[in-house]
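Each residue of the sequence shown is one higher than the last, beginning at 35 in this note's numbering. The beta carbon of each residue, even a glycine, is placed where N, CA and C say it ideally should be. In what follows, a single structure is set out as structure tokens and then discussed.
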Amino acid sequence: MKIELAESHGFCFGVKRAIKIAEENKDSDTYGPLIHNSKEIARLESDFKVGLVEDFNTFKKGDKVIVRTHGIVKDELSSLHKTGVDVIDATCPFVTKPQEIAQEMSEEGYDVIIFGDDMHPEIKGVKSYATHGAFVVTSKEELKKLKLRDKIALISQTTRKVEDYLEISNYLIPRYKEVRVFNTICNATFENQLAVRDISELADVMVIIGGKNSSNTKQLFNIAKEKCFYSYHIEDESDIDYSWFKDKEFCAISAGASTPDWIIKNVIDAIRKRVD
Ligand code: SF4
Numbered sequence: 035m036k037i038e039l040a041e042s043h044g045f046c047f048g049v050k051r052a053i054k055i056a057e058e059n060k061d062s063d064t065y066g067p068l069i070h071n072s073k074e075i076a077r078l079e080s081d082f083k084v085g086l087v088e089d090f091n092t093f094k095k096g097d098k099v100i101v102r103t104h105g106i107v108k109d110e111l112s113s114l115h116k117t118g119v120d121v122i123d124a125t126c127p128f129v130t131k132p133q134e135i136a137q138e139m140s141e142e143g144y145d146v147i148i149f150g151d152d153m154h155p156e157i158k159g160v161k162s163y164a165t166h167g168a169f170v171v172t173s174k175e176e177l178k179k180l181k182l183r184d185k186i187a188l189i190s191q192t193t194r195k196v197e198d199y200l201e202i203s204n205y206l207i208p209r210y211k212e213v214r215v216f217n218t219i220c221n222a223t224f225e226n227q228l229a230v231r232d233i234s235e236l237a238d239v240m241v242i243i244g245g246k247n248s249s250n251t252k253q254l255f256n257i258a259k260e261k262c263f264y265s266y267h268i269e270d271e272s273d274i275d276y277s278w279f280k281d282k283e284f285c286a287i288s289a290g291a292s293t294p295d296w297i298i299k300n301v302i303d304a305i306r307k308r309v310d
């Protein structure tokens with residue numbers, strides 16, 4: 035069986051940057067998971083003594099705290115600074131951007147709409163920057179229920195599918211006087227999505243590697259599934275069921291933006307070992 039990696043896959047700029055920051059700041063803690071990959075977080079803990087703290091109230095003056103790639107809520111960030119915590123900001127610049135847009139547009143009197151998952155830390159963070167509040171939607175149907183004014187600013191979660199975002203903006207544009215659409219989908223996500231779309235058309239079986247809680251990995255899996263029925267989302271080689279590869283000639287592989295190369299390599303090695 036031929037095994038091939040999608041042309042663009044795996045670690046993005048923001049995750050590489052955050053990991054480098056964590057490795058340079060031994061004996062610190064991240065507030066919430068630095069990235070959505072539990073195996074990489076375990077590696078940072080064992081090799082660099084970078085801990086994971088979920089309870090915000092435990093931080094005190096002098097603690098070294100790394101802000102994760104997805105960013106945190108505005109009030110929490112100011113509170114850390116006020117407490118005298120040594121804040122090391124690893125928020126991805128592509129996440130900082132929508133935070134700034136949300137604040138600016140809200141202050142200029144626009145109704146801010148965020149296309150994304152309101153339970154995702156990135157969106158909780160971005161929403162908190164909209165001084166007068168923001169609406170979070172995942173579909174056109176949810177949009178229809180909102181009472182909006184005539185000035186609208188639209189922002190997307192960085193990891194959303196472009197086609198889905200277009201559907202939202204296409205709904206708004208003919209209905210409101212002023213709609214400002216900000217392209218806040220990050221390129222890394224976009225390139226990984228394009229590459230999965232291309233390769234999934236050719237593949238007999240597709241394996242997408244990444245954390246089960248990783249939004250961009252889930253998007254890759256959804257795209258793969260559209261073209262390749264035999265698509266599977268795994269976290270690492272221990273999730274593989276080797277019967278997936280029976281009678282298949284071409285296995286394509288991709289990985290989410292927070293999946294380290296060493297996990298991808300382990301998966302490929304494991305498949306090679308067991309499948310001819
Ligand atoms: S996927 Fe994009 S926004 Fe998210 S961390 Fe990576 S570069 Fe930043």
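Fill in: Val49 Cβ short of 6 Å to the ligand SF4 heavy atom set
Locating residue 49 in the sequence shown gives position 15, counting from the first residue. Val49 Cβ: within cutoff of the ligand SF4.
Discussion item. Could you tell me the alpha carbon to alpha carbon distance between Asp273 and Val107, rounded to whole angstroms?
Written reply: By one-based count along the sequence shown, residue 273 stands at place 239. By one-based count along the sequence shown, residue 107 stands at place 73. Those two C-alpha atoms are separated by around 34 Å.
Worksheet item: Under the rule that 16 or more other beta-carbon atoms within 10 Å means buried, what is Asn71, buried or exposed?
Response: Along the sequence shown, one-based indexing puts residue 71 at 37. Under this definition Asn71 is a buried residue.
Worksheet entry | Contact test: Ala291 Cβ vs the ligand SF4 heavy atom, cutoff 6 Å | Numbered from 1 along the sequence shown, position 257 holds the residue referred to as residue 291. Yes; taking the cut-off as 6 Å, the Cβ of Ala291 has a heavy atom of the ligand SF4 nearer than that.
Discussion item. Assuming Gly48 is part of the alpha helix (DSSP H), what are its boundary residues?
Written reply: On the sequence shown, residue 48 is found 14 positions in, with the first residue counted as 1. Its alpha helix (DSSP H) spans residues Phe47 to Glu58.
Discussion item. Let's see if you can read the secondary structure: which residues bound the beta strand (DSSP E) around Lys36?
Written reply: Sequence index remark: in the sequence shown, residue 36 carries index 2 (1-based). Per DSSP, Lys36 belongs to the beta strand (DSSP E) from Lys36 to Leu39.
Fill in: Where Ser272 sits in the DSSP three-state scheme
On the sequence shown, residue 272 is found 238 positions in, with the first residue counted as 1. Helix at Ser272.
Worksheet item: Quick one: is Lys116 buried, meaning 16 or more other Cβ sit within 10 Å of its Cβ, or exposed?
Response: Looking up residue 116 in the sequence shown gives position 82. Exposure of Lys116 is indicated by the presence of fewer than 16 other C-beta atoms within 10 angstroms of its C-beta.
Worksheet item: In angstroms, rounded to a whole number, what distance separates the CA positions of Gly105 and Leu188?
Response: Here residue 105 corresponds to residue number 71 of the sequence shown, with the count starting at 1. Here residue 188 corresponds to residue number 154 of the sequence shown, with the count starting at 1. Each residue's Cα considered, the two are about 19 Å apart.
Discussion item. At a cut-off of 6 Å, would you count Phe12 as near the ligand SF4, judging by its Cβ distance to the nearest heavy atom?
Written reply: The first residue shown for the chain is 35 and the last is 310, placing residue 12 beyond what the model contains.
Fill in: Closest residue to Thr293 among Asp184, Ile268 and Ile207 (Cα-Cα distance)
Against the sequence shown, residue 293 aligns to sequence position 259. If we check each option's Cα against that of Thr293, Ile268 comes out closest.
Worksheet item: What is the C-beta distance between Phe224 and Val196, in whole angstroms, given that I count them as a contact (C-beta under 8 Å)?
Response: Residue numbering aside, residue 224 sits at position 190 when the sequence shown is read from its first letter. Residue numbering aside, residue 196 sits at position 162 when the sequence shown is read from its first letter. Beta-carbon to beta-carbon, Phe224 and Val196 are separated by about 7 Å, close enough to satisfy the 8 Å threshold.
Worksheet item: So does Ala40 have its beta carbon nearer than 6 Å to some heavy atom of the ligand SF4?
Response: Along the sequence shown, one-based indexing puts residue 40 at 6. Outside the cutoff, so no.
Worksheet entry | Any alpha helix (DSSP H) of 4 or more consecutive residues that is wholly inside the region 205–249 | Fully contained in the region 205–249 are the following alpha helix (DSSP H) runs of length 4 or more, in chain order: 221–234.
Worksheet item: Which class does Leu68 belong to by DSSP, given the choice of helix, strand or coil?
Response: Position 34 of the sequence shown holds residue 68. If DSSP states are grouped into helix, strand and coil, Leu68 belongs with coil.
Worksheet item: beta strand (DSSP E) containing Asp123: first to last residue?
Response: Within the sequence shown, the letter at position 89 stands for residue 123. Taken as a continuous stretch (DSSP letters only), the beta strand (DSSP E) holding Asp123 covers Asp120 to Asp123.
Worksheet entry | Nonlocal neighbours in the same chain, by C-beta distance under 8 Å from Asp270, ignoring five residues either side | Within the sequence shown, numbered from 1, the residue matching residue 270 stands at position 236. Closer than 8 Å at the Cβ level, and outside the excluded window around Asp270, lie Lys73, Ile243, Ile297, Asn300 and Val301.
Worksheet item: Secondary structure at Val2, three-state DSSP: helix, strand or coil?
Response: Outside the shown range of the chain, which is 35 to 310, sits residue 2, and nothing can be said about it.
Discussion item. Could you check whether the Cβ of Ala124 sits closer than 6 Å to any heavy atom belonging to the ligand SF4?
Written reply: Start at 1 with the first residue of the sequence shown, and residue 124 comes out as number 90. Flag unset: Cβ of Ala124 not near the ligand SF4.
Worksheet entry | Proximal residues to Ala56 (C-beta, below 8 Å), its chain only, five neighbours per side dropped | For the purposes of this step, residue 56 is identified with residue 22 of the sequence shown, where counting begins at 1. Closer than 8 Å at the Cβ level, and outside the excluded window around Ala56, lie Ser62, Thr64, Leu68, Leu78, Phe82, Val84, Ile100 and Ala124.
Fill in: Rounded separation between Leu39 and Gln253 - CA only
Position 5 of the sequence shown, counted from the first residue, corresponds to residue 39. Position 219 of the sequence shown, counted from the first residue, corresponds to residue 253. The straight-line gap from Cα to Cα measures roughly 17 Å.
Worksheet entry | Where Ser234 falls, given that 16 or more other Cβ within 10 Å makes a residue buried | As a working note, residue 234 is residue 200 in the sequence shown. By the 10 Å Cβ count, Ser234 comes out buried.
Worksheet item: Identify the residues that DSSP records as bridge partners of Cys285: which are they?
Response: Taking the sequence shown and counting its residues from 1, the one referred to as residue 285 is at position 251. For Cys285, the beta-bridge partners assigned by DSSP are Ile37 and Val239.
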